Amino acid sequence: MIQPRMLWRAQPIVRQAMRWYRINHEAVARLEQQAREIDARPPPIPKQRGSDRNLLLTAIGLFATAPLITYFWYEHRKEHMGKKKQDLIKHLEERRERWLSEKE
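Per this note's numbering, numbering of the sequence shown is gapless, rising by one per residue and ending at 355.
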């Protein structure tokens, strides 16, 4: 434990820092008291780790649902992209007909 009077006799750098930051003996005593209070606190109780059963159930659920989700996503995308492709082809045909009619 550092005594305030020991700090005053410490190296000149410490004395200079105490002047610069306006640290007095009362502040040092308060800091030491706070340090003792912090040291007196009981250590925090570590959190208990969850069981591996939940991890296993999550993995099984993911493996079971991944093919279904992939299938429905693929079907939805196929339908959506099919509509989009048909709309694009229709639009291009209209533009082609307009271009041909302007050319004549």
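Built from N, CA and C at the ideal position, the CB exists for glycine as well.
What you are looking at is a predicted structure, and each value in this text was computed from that prediction instead of being measured.
Check, Outcome
"N- and C-terminal bounds of the alpha helix (DSSP H) containing I311", "303-354"
"Backbone secondary structure at R281 - three-state DSSP", "helix"
"Own chain, CB closer than 8 Å to E348, minus 5 neighbours either side, in chain order", "none"
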